[in-house]
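Chains as they are written, first to last, in our numbering: chain A, 780 to 1011; chain B, 306 to 848; chain C, 38 to 365. Glycine included, each C-beta is placed from N, C-alpha and C at the ideal position. Being a predicted model, the structure only gives us computed values, none of them experimental. Here is the structure we will look at.
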């Protein structure tokens, strides 16, 4: 035990960059940096959320009709998938902290699996919308599917879909980047890079992963669950 | 006196290793600052060339020198280059990069590799934007107003927007690095109350970079998507709202002017104290004014939209908030002036530029009050009055501060002195040239000459000729430093660690500083601007 | 003053004096503070130069001074704020009974249409001393209606109406600029506002060839497009009766209430589903792409005339159904 501890500390010392006084400062600094980065990310999505709120307030009915087209079962499944992935991610960070690199690698691999699961389901949804001409642009065509209630305002429903594609697309892009980062952790983990004295990359990627998850927690009700009552 | 041999032999960040690779793969904040210095100087001359073409065209009322399309592209590219690729990175990315770690007593910025990445992002953005310009140009104005930019312009809007998008991430990463460095990397004893005001100012600017830049990034991305796929977020023909674009655009682009001016204010605080040999007057007020500007700056964006069709009550609120953001700027001006009171003042070039800054920034700030005043803004909005106002703040303020800082820290950066007489001449030329160029534009603006006009009614000619004449003096004022700075690299006098006898950690290390800045982590036991305990006479190099 | 070197714009509207008054005050205050700062810098720089004042006196700061130069500028700013807002309020609220002119901006020209149906391109003729309200929209990019001599400016947007107003006080010809950058020939989008004596204006008005008033053109369109089949002047129509609707609050199906202004009517024609009047079904087809900006304005003028005619009718004998709006 004692020898492995010394080995851990050596790994940690190799990871200490020249401009920090000690590991504590380095860890503190990198986690602070990550929080600042997430702040930037919030503002990045914030612009889209703001556009969404403005248009939803002005063209509520058109947004309701658009959201009727969402596949709630797939959306809810995806929400569950992401929440599970956050759990395995959190457990993975914990495993790294406890000095169980093998467990960490397994948990991170499950996280990656969940990530691909999410993207796969999202792709099915995208395909459905694409087939139904629910992609903004010259080929956009919108019908409620209920002859008694024709589309009241297809023009603004198109804006709903523009925002839908932009927001979920940007989110999916973040997922892809996230999967890449977790894969990098897996490789580094296999090479024995992380110890209880040095695991801040795992922690930071974890923070990122939870953030991306959190964005979806907002996107799901905003886009899928606008109103069932005003339905058609 | 130290011998020259000693200084040359000493290892510093410039001679620690050689070769292109040692520069392009460096993570040393000082070398990255030099990379930025070279890149933004190139952009400055490009943007300046466009400005000169614009001024030449405006010599005559008719649009005779260049076609209107060319003219429109010229002012657009002048704006894009100067705002996004020169002013925003100027003081933070060059002087801030070089000085913030030195001033707080750190060996480097918190994330050196991220710092290098941010330079590469800047270059990638700049090259993308330049390619868009070379292959056809952009004619939307730097403001990219929709639906003109999304629907009616036939130029390379997408390329320019993506260029700015990429450069935006460079700005975000620089800001992030500054915030984390100032929070976590300060030397023992360097408390927040002892932090140089230059760091406070860069810290405030960094807050805006981190919080504001992502919004413009996503906005320009939407513009690009709208152009590419005809989605209708901003296009009224497709049910979108063009005013939403303006809100999102100015939500960043108004605070962005504070990204540009705040670090300049930091430079002035350092210089005024040094050449008055005094503690700064009202340290807390100057520091807090920086933060107040950064925060309030986020709440005033719609004052660009008083005649755009927003509601009367929204206009009222934004007008009120715009006055509030003017107050901290006024507080700073008064404090700098008070700092000189009973000082012991020396007129070196940095101080001359600082005088110029305080005067011109005062004019720029006060004319900002005109624009915040609703009834007056209706008349002067989108006229030359606005052009004059922001050039007074951006060129009269920011570029003056940048020049002041460049002269002040040139000996630290290069180890050589610039020629003082030539530098004083250039400072004078810049001041005279600048006022001759831009003061007439205030008059033109209230008379009603709209901005972005390729041709104009003849009664506006005399003032336009005056303005162009001033611009040529200004150009000479900028060419001179370019020449003597390069000259000084070889022939300038050896500077020694502290040629101005200034206080501050950056002056306690040799010039140029060694790669790791400090051999031993410094311990700060004195207050900021402690000129009382600084010996009056020049400190010799061998000290 | 100086024929060849004017340094100040002409004053030709009722509001111009107010704007200039505030402008002069701002200049005076700005000049005072600018000179104060310049003078202080100059005096300090000379008096405390190193050669005569080799030892600086250290001063930390002064709270009273800080408070003074925070609060005094703030107080002055509040005066500007109050005055500036008063002017802005007047500019934003056209007086009742103003003569209405419709303007369409497009790359790169101004088109004006008067109530009597007469049209103008790049020239706006108005009588001196009369309030003139402009109802403007753009066919393409954003433009801006700017008459420096009147001290007014208002952006002209695509997809909605914006308004501005002025009362010319001086006969003459004044610049009309587009001040919002709008593409290649932005600087060529210059027109004239021609302010005439009332008599001359009447003569000019009657000289032009016009094919009926704007409202009557709107009435024709109302028939042609089939609006009249549903929007009948009784309670039997499948759409709301438009008599007297303009300018009044309208209760919507979702419980909101909106004022039936120009933009509401515009939206109801182009995006009928956006705001459904309470008690009606969303059955109206969209007219997006089928009516030009000019025709939209004619339709709006017609709906307006229905309200005005009703007011007049109510005042006289309380009976007539307004089917001849040009009788007003």
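- For the region 298 to 321 of chain C, the set of positions with a beta-carbon nearer than 7 Å to some beta-carbon of chain A reads 308, 310, 311 and 319 in chain order.
- In the structure shown, the three-state DSSP call for residue 809 (chain B) is coil.
- Of all C-beta pairs linking the region 232 to 243 of chain C to the region 254 to 268 of chain C, fewer than three are shorter than 8 Å, placing the two stretches out of contact.
- A contact is defined here as three or more CB-CB pairs under 8 Å, and the region 479 to 487 of chain B meets this definition with respect to the region 413 to 425 of chain B.
- Under the 9 Å criterion on CB atoms, residue 186 (chain C) is classed as interfacial with respect to chain B.
- Among the CB atoms of chain A, one or more fall inside 9 Å of the CB of residue 323 (chain C).
- Exposed is the label assigned to residue 920 (chain A), since fewer than 16 other Cβ atoms lie within 10 Å of its Cβ.
- The beta carbon of residue 831 (chain A) sits closer than 6 Å to those of 942, all from its chain and outside the five residues before and after it, given in chain order.
- For the pair residue 809 (chain A) and residue 983 (chain A), the CB atoms are nearer than the 9 Å cut-off.
- Rounded to the nearest angstrom, the gap between the Cα atoms of residue 504 (chain B) and residue 102 (chain C) is 25 Å.
- Buried is the label assigned to residue 946 (chain A), since at least 16 other Cβ atoms lie within 10 Å of its Cβ.
- For residue 86 (chain C), a Cβ of chain B is located within less than 9 Å of the residue's own Cβ.
- Going by DSSP, residue 189 (chain C) is part of the beta strand (DSSP E) stretching over 189 to 193.
- Around the beta carbon of residue 316 (chain B), fewer than 16 other beta carbons sit within 10 angstroms, so the residue counts as exposed.
- The residue among B:376, B:526, B:777 and B:694 with its C-alpha nearest the C-alpha of residue 671 (chain B) is B:694.
- In the DSSP annotation of this structure, the continuous segment of the beta strand (DSSP E) that includes residue 212 (chain C) starts and ends at 209 to 215.
- For a Cβ distance threshold of 7 Å, residue set 798 of chain A lies close to residue 413 (chain B), ordered along the chain.
- Excluding five sequence positions before and after residue 515 (chain B), the CB atoms of its chain that fall closer than 8 Å to its own CB belong to 477, 480, 481 and 484, given in chain order.
- Contact between residue 205 (chain C) and residue 182 (chain C) is ruled out by a C-beta separation of about 14 Å, above the 8 Å threshold.
- Counting only runs of at least 4 residues, the region 897 to 973 of chain A fully encloses the following alpha helix (DSSP H) elements, listed from N- to C-terminal order: 933 to 969.
- Listed by position along chain C, the residues whose Cβ is nearer than 7 Å to that of residue 635 (chain B) are 106 and 110.
- Counting along the chain, the unbroken beta strand (DSSP E) around residue 288 (chain C) starts and ends at 286 to 288.
- Per the Cβ contact rule, the region 761 to 779 of chain B is in contact with the region 362 to 380 of chain B (3 or more Cβ pairs under 8 Å).
- Interface criterion not met: the Cβ of residue 864 (chain A) is under 9 Å from no Cβ in chain C.
- The region 391 to 402 of chain B makes no contact with the region 447 to 454 of chain B, as fewer than three CB pairs between them are under 8 Å.
- Listed as beta-bridge partners of residue 162 (chain C) by DSSP are C:231.
- Scanning chain B for C-beta atoms nearer than 7 Å to the C-beta of residue 284 (chain C) yields nothing, as the closest lies near 18 Å away.
- Listed in chain order, the positions of the region 582 to 609 of chain B with a beta carbon within less than 9 Å of a beta carbon of chain C are 582, 583, 584, 585, 586, 587, 588, 589 and 590.
- When secondary structure is reduced to three states using DSSP, residue 610 (chain B) falls in the coil class, being assigned neither helix nor strand.
- Using a Cβ-Cβ cut-off of 8 Å, residue 937 (chain A) is close to 536, 537, 543 and 544 of chain B, given in chain order.
- Judged by DSSP in its simplified three-state form, residue 499 (chain B) adopts helix.
- Closest by C-alpha distance to residue 393 (chain B), out of B:425, B:791, B:560 and B:325, is B:560.
- Under the 8 Å Cβ criterion, the region 546 to 559 of chain B counts as touching the region 603 to 620 of chain B, having at least three qualifying pairs.
- Between residue 571 (chain B) and residue 506 (chain B), the C-beta gap is smaller than 9 Å, which places the two residues in contact.
- Contact with chain C is absent for residue 917 (chain A), since none of that chain's Cβ atoms lies less than 9 Å from the residue's Cβ.
- At least 9 Å separates the beta-carbon of residue 826 (chain B) from that of residue 541 (chain B).
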